[in-house]
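This report concerns only the one structure given below.
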Amino acid sequence: MKQSQIKKQFETGRLAVSRSELYQHYGSVLVILFMPAVMILDKVSEGTLWDQTPVAELILVELALFIFYLQYQALRFKIRWVMRKKRI
């Protein structure tokens, strides 16, 4: 299936694709969702955030990991919701 077909079916709620096709289509969405957390971790690893304060960097790493976790859970929920809606 083409991405435009998947997107159209997804928006109308009539998704007729397999789970693997869904993951493949939304793989690029994952990259966009996780970019803020990746950028924070990148700046921390470079030591360019604040004055290389270990406590501040630790807080930012925890924040980045928390962002990863929330966005991962949101994506899992969205995929489960789509798959449930597909069965109806």
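Going letter by letter, the sequence shown gives residues 38 to 125 in my numbering. Backbone N, C-alpha and C define an ideal beta-carbon position, used for all residues, glycine too. These numbers were taken from a predicted model, which means no experiment stands behind them.
From residue i to residue j, what distance separates their C-alpha atoms?
i, j, result
"Q110", "R117", "10 Å"
"L52", "F114", "Note that L52 scores 49 on pLDDT, short of 50, meaning its location in the model is unreliable; the coordinates nonetheless yield the value given after this. Going from the Cα of L52 to the Cα of F114 covers about 16 Å."
"V98", "L112", "21 Å"
"I96", "Y106", "15 Å"
"V119", "F103", "24 Å"
"Q108", "L100", "12 Å"
Closest Cβ-Cβ distance between residue i and chain D: below 8 Å?
i, result
"I116", "The chain inventory of the structure shown lacks chain D, comprising one protein chain alone."
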